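One structure is given below, encoded as structure tokens.
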Amino acid sequence: MKKRISDFLRNPLCLNSLLSGFIIKLEVLSVYLIFTMFLSFSIFNSVELNAQENDSLIVLVPSKPIITASNEELVDLTLKLVNKRSVPLVGTISINPEKSINLISKNKITVSIKPGDSLFIPVKVFITKKTVSGQRHVIRFVLSDESNNLIMATETIVQVSVKRNVNMFSLVSSILIDASTDSIRIPVRISNPGNTAQRITLINRFPAVFQNQAFHATQEFTIQPSSDTLLTITKPVTRKMFQSEGFDVTFTGLYSNGDVFGMAYVRVQSGRSDRAYHDPNLNDSYNANSISLSSQGMFSSNESYLLNGQGNLELKSGNLGYSLDYTDWKNAYSPPMMRNTWLSYEAGNMGITAGNINKNMDINLSGRGANLFLNDTTNNDSYDVGFLDGNSNLIGKDSYNFLPSGSAGWAGYTHRNENSEFSTNVIYEISPLQNSKSAILSNSYTLSKFKGLRIVANLSGGHTQQRDSISLVRPSFASGLNISGTIKKIVINSSNYFSSGYYPGMRRGALSFNERITFMRERSNIWAGFDYNYYSPKTFSTFRLFMPKFSTLRAEIGMSGTIFKKMIASVSPLYFQESNNAFRLPGSTKEVHTLSYWNINSSFNYPISNNQYLSLNAESGYFSTSFNEQLRFHFRSNLNYKRGIFNLSSTLQFGTFYIGEAVNNFLRIQDSPRIFSIIPTVRKNFYRDKLRIEAGLALMNNSSYGSSSFLTGRAEYDILPKSSIYTSINHNRFSNYQFSLLEVGITQKLSLPKAGAVNSDLEVVVYKDMNQNNIFDQGDTKAEGHLLYINDVAFITDASGSVVYKKLPHESYRISLSNTKGWYAPDQYINLDKKKHRLEIPLKRTGTIKGNLVYSFDQFSYEINRNLQGITVVATDENNLRYVTKTNLEGQLIFYLPIGKYTLSVDSTNLPPEVEVEKNIPQVILDSESPANLTIKLIIKPRKIETKKFVSPNKLPNR
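The opening position of the sequence shown corresponds to residue -16 in the working numbering, with each subsequent residue numbered one higher.
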């Protein structure tokens, strides 16, 4: 059989006859289909023509053929019916909207119109929240005769405005963890009451100390209109979490274009029976107060000893801060160094710092000195003045400084308004290195809000005198203009600067234009950029016989966006040019050397999962230099990959990208250098984060300098909650040269000390008052394991029913007790004014009231948003003591109350005006044996519907 088939297929005549027969059949089938379609169209068209001929004397027209509306909007329109025939028109009009549109008026209307008369029928429809935007919705009007035969039909098109409205909230506001808690579970509800499906991203942020260098967890999904979903965020509880004083977990919801649609916060606390007060305005203050002693370069000739520390001392009248950085060498190759060491004091609106001072201004000032500041909050003014010498060693001279250290002084003033800021600064510096005495008067004006832009303008004047000559003086000036901000969907960044050659600031002899404009789209961006920088500085320095001139130019356009749902990609063609006259090379007759290239730059960033990430950047094109003007290919790339504890970074380069590389190639007589490196690193915590280990290896190969490697490792172990020891090692190998560096140290974290501060210790004792006499006596028992809050800080009572809160400032505190197994007490308040306080709180046996709020409505009720969440319900006892609770998403409520009689009421201030609460809610008699249950109705009022018919006076039909 297979042979026959193969012979048949090999025979051209058989194959041709088969194909020709198949083609003929296709032609016949095509003719048949065309004929059938034409016949159907002709029949349908003839029916429509006959209907139009019969109905040409009847007009059925809606007043609004196209309606644009929003969700949950009531729309009015009028239907006009005209009878131009010579006989009466009797029939029925049916109004048929789509399912997502509710018809408020009648859906069938009987009509009887005399010849020449007309009828106007009002129609009301309600666009529900389920009506989706971006689609064509139809309200169809059908006119039928008495026998239900179609006379004619028309329609109104409804277009719904786009409504982007995604909401997010956490179902819990606080979470309590204890030694038995294995994980944190946070339920987050996301709803989309809008009318379009939305692609959203949920980001949950734990404090960095609990992230273990991992990325913030993200979830991306699509939520359909008029729907919601419940997500549960889970994270294992670590030792650090339990030992912390509490932390916040933040949730951020983003639309696909990056806009924020919601944020939620959850407070996580550990329940303990004994703790010290922690100022909530200070973020883990003991972490900033620490001292560390270590030895570096151990067992080598360069062994050194380091003492580092920093912290704050809270005084009764202010705050004292300090920083310590001391280094001493075993073999005394250089004198002891004390750098980055200072002492500061702040009180009210003023402060002073003495020691090592670093001031970043037009001139970067660094050395030994003092700085004083004053803030005038009444007039929004601030003042700043200081002086320093150029020596960075606080206890001696810099070992490397062979010139006098120099000195500098400055003064500054700043005035701030709501949308603007003006500042002026004066600097005077004596610099032996520059062989100059210089002064600068700089002024800056900032307009923070100008049509979506932030504008900063600078104008400065300079005066420079040669240090060893009073006759050689050079005036100078500098100016700048920076503009940044967003106008609609266009992001603008512009930075421009000019300074004359002898201007004594850091950017002397500079001309700079850096411009970038970006057009923001929903899922992509388009940008264009231009950068030009030219430097031609001048100086009086005798150590610089030649001052180079150099410039760079870069122009690019590009586009970035999201592809394949998660990957962010960008591509940009660019042109780059660099020139420099600093190189005087043998064999080269040119004084100015240049490099230029045309390249394409691309990048890909792919978040594979919550703990896995991949990014790749690549740039390639053709370049030429003044050493070789022939166009040559070059390429470079950078790869980064992260997964859990592992991180990998790698670079690869062929060819030349900078003029310094071109000079090196010329001197080494090589054409195409090659650079390759790969750097894997790992970071892992053990024993519930008590042991932290990092390790890394770098392997590099350069065609000009050979191969090298670098090995690093660090281990740190918490021997006590605030004490840790650490060791690190670095080993370098380059060709035949290698060296190792070993460091060992101990770090002690310090609690925030308070000198002269007045505080109290508060002990709260909780017991079960069995006989309800408010006295701890025979038969009463201590309440072990009872949850209570002191000013929102969670505690759990110990076996004696007590908790202790130490070192509290003298203030008023609120103690709130939860209802635990039917035992409860109302909030207590205490004002601390002595060293120790003891408060006993009796617990009363309670009962439970459980209830539900439900909406009551019928077909005539108003269409409203039937929200049941967050409605306030009040329970009032016989002594007019009020207890308040709020309903959950399903309208459920719960009270834990002392035994007695209660009257319940619903706070109607937050209810829609179309809703009223039922009358005569029954009184509740509460006992401790069984919960009381009740249902409260929220009655939706009936809407008022009015239908009007307008009939014109009799008219004789047109003849």
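Built from N, CA and C at the ideal position, the CB exists for glycine as well. All values reported here derive from a predicted model rather than from experimental measurement.
Identify the continuous alpha helix (DSSP H) that holds residue i and give its terminal residues.
i: arginine 504; result: Where arginine 504 is concerned, there is no enclosing alpha helix (DSSP H), given that its DSSP letter is neither H nor E.
i: methionine 333; result: Where methionine 333 is concerned, there is no enclosing alpha helix (DSSP H), although the beta strand (DSSP E) it sits in stretches over 333 to 343.
i: glycine 643; result: 642 to 651
i: lysine 223; result: 222 to 226
Given residue i, which residues of its chain have a CB within under 6 Å of its CB, disregarding the five upstream and five downstream residues?
i: threonine 764; result: Lys751
i: arginine 490; result: Ser482
i: asparagine 148; result: Pro176 and Gly177
i: arginine 856; result: The sequence as given places valine at residue 856; arginine does not occur at that position. The residues are Thr868, Leu876 and Val889.
i: proline 556; result: Ile583
i: valine 30; result: Because the pLDDT at valine 30 is just 34, under 50, the model does not fix this residue reliably, and the point stays unresolved.
i: alanine 511; result: Ile500 and Ile540
i: threonine 577; result: Ser562 and Ser609
i: serine 388; result: Asp372, Gly373 and Asn374
i: alanine 538; result: Phe513 and Tyr558
i: glutamine 35; result: The predicted model places glutamine 35 with a pLDDT of 36, which falls under 50 and marks its position as unreliable; any figure quoted below should be read in that light. Contacts found: none.
i: serine 686; result: Pro656 and Arg657
i: leucine 631; result: Tyr624 and Pro663
i: serine 543; result: Asn508 and Ser553
i: arginine 437; result: Ser431, Ser467 and Gly468
Excluding the five sequence neighbours on either side, which residues of its own chain have a C-beta within less than 8 Å of the C-beta of residue i, listed in chain order?
i: threonine 943; result: The question about residue 943 has no answer, for the chain in this structure spans -16 to 942.
i: phenylalanine 778; result: Gly254, Arg255, Ser256, Arg258, Val747, Leu770, Leu771, Tyr772, Val786 and Tyr788
i: lysine 924; result: Ser844, Tyr845, Glu897, Val898 and Glu899
i: isoleucine 183; result: Val149, Ile173, Glu203, Phe204, Thr205, Ile206, Gly236, Leu237, Tyr238, Ser239 and Phe244
Enumerate in chain order the residues of its own chain whose CB-to-CB distance from residue i is below 7 Å, with the five nearest sequence positions on each side excluded.
i: glutamine 417; result: Thr522, Phe523 and Ser524
i: asparagine 339; result: Arg322, Asn323, Thr324, Trp325, Arg351, Ser375 and Leu377
i: isoleucine 591; result: Leu597
i: asparagine 503; result: Residue 503 is actually methionine in this sequence, not asparagine. Excluding sequence neighbours, methionine 503 sits near Lys472 and Val474.
Going by Cα to Cα distance, which pick from the options is closest to residue i?
i: serine 431; options: His446, Ala422, Val456 and Phe405; result: Phe405
i: tyrosine 517; options: Leu599, Gln613, Gly229 and Asn564; result: Asn564
i: serine 711; options: Met683, Asn684 and Gly679; result: Gly679
i: asparagine 863; options: Glu574, Asn66 and Lys884; result: Lys884
i: arginine 188; options: Thr179, Ser467, Thr201 and Asp211; result: Thr201
i: phenylalanine 547; options: Leu815, Asn588 and Arg651; result: Asn588
i: glycine 254; options: Phe225, Phe230 and Ser277; result: Phe225
i: leucine 348; options: Gly304, Pro318 and Ala394; result: Ala394
i: lysine 790; options: Glu203, Tyr260 and Lys107; result: Tyr260
i: threonine 164; options: Arg222, Ser209, Ile110 and Ser795; result: Arg222
i: leucine 917; options: Lys705, Gly834 and Leu909; result: Gly834
i: phenylalanine 693; options: Tyr720, Lys673 and Arg675; result: Tyr720
Could you please give the first and the last residue of the uninterrupted beta strand (DSSP E) stretch that includes residue i?
i: phenylalanine 234; result: 230 to 238
i: isoleucine 919; result: 915 to 923
i: glutamate 958; result: Absent from the model: residue 958. The displayed extent of the chain is -16 to 942, so no value can be given.
i: alanine 777; result: 776 to 779
i: proline 219; result: 210 to 219
i: glycine 392; result: 390 to 399
i: aspartate 672; result: It is not in any beta strand (DSSP E) - aspartate 672 carries neither H nor E in the DSSP assignment.
i: asparagine 588; result: 576 to 592
i: serine 691; result: 689 to 703
i: lysine 732; result: 720 to 732
i: isoleucine 346; result: No beta strand (DSSP E) contains isoleucine 346, which DSSP labels as neither H nor E.
i: tyrosine 307; result: One detail in the question is off: residue 307 reads as leucine in this sequence, not tyrosine. Element bounds for leucine 307: 302 to 312.
i: asparagine 426; result: 419 to 433
i: alanine 440; result: 436 to 449
i: isoleucine 708; result: 706 to 717
Give a single yes or no on whether residue i has its beta carbon closer than 8 Å to a heavy atom of the ligand ATP.
i: asparagine 314; result: Here there are no bound small molecules, and the ligand ATP is not part of this structure.
- Is the segment 321 to 339 in contact with the segment 474 to 481, if contact means three or more CB pairs nearer than 8 Å? With the cut-off at 8 Å, the segment 321 to 339 and the segment 474 to 481 do not touch.
- Query: Residue ranges of each beta strand (DSSP E) run of no fewer than 3 residues wholly in the segment 75 to 141, ordered along the chain?
  - Reply: Taking 3 residues as the minimum length, the beta strand (DSSP E) runs contained wholly in the segment 75 to 141 are 84 to 86, 91 to 96, 101 to 110 and 120 to 128, in order along the chain.
- Item | Continuous alpha helix (DSSP H) assignments of at least 4 residues falling wholly in the segment 785 to 848 | Fully enclosed alpha helix (DSSP H) runs of 4 or longer: not present.
- Quick check: the segment 625 to 639 against the segment 589 to 608, are there 3 or more CB pairs under 8 Å? With three or more CB-CB distances shorter than 8 Å, the segment 625 to 639 counts as touching the segment 589 to 608.
- Item | Entirely enclosed beta strand (DSSP E) segments - the segment 455 to 509, minimum 3 residues | Along the segment 455 to 509, the beta strand (DSSP E) occurs as fully enclosed runs of 3 or more residues at 456 to 470, 473 to 482 and 493 to 503, listed in sequence order.
- Task: Within the segment 835 to 911, note down every full beta strand (DSSP E) run reaching 3 residues or more, in order along the chain.
- Result: DSSP runs (the beta strand (DSSP E)) wholly in the segment 835 to 911: 855 to 860, 865 to 869, 875 to 881, 883 to 889, 898 to 900 and 907 to 909.
- Please specify which runs of the beta strand (DSSP E), each continuous and at least 3 residues long, are wholly inside the segment 155 to 195, giving them in chain order. Contiguous beta strand (DSSP E) elements confined to the segment 155 to 195 occur at 157 to 160, 166 to 175 and 181 to 188, taking only those with 3 or more residues.
- Task: Could I get the ranges of all uninterrupted beta strand (DSSP E) runs contained in the segment 38 to 71, with 3 residues as the minimum, in chain order?
- Result: Residue ranges of uninterrupted beta strand (DSSP E) with 3 or more members, entirely inside the segment 38 to 71 and ordered along the chain, are 41 to 45, 49 to 52 and 56 to 66.
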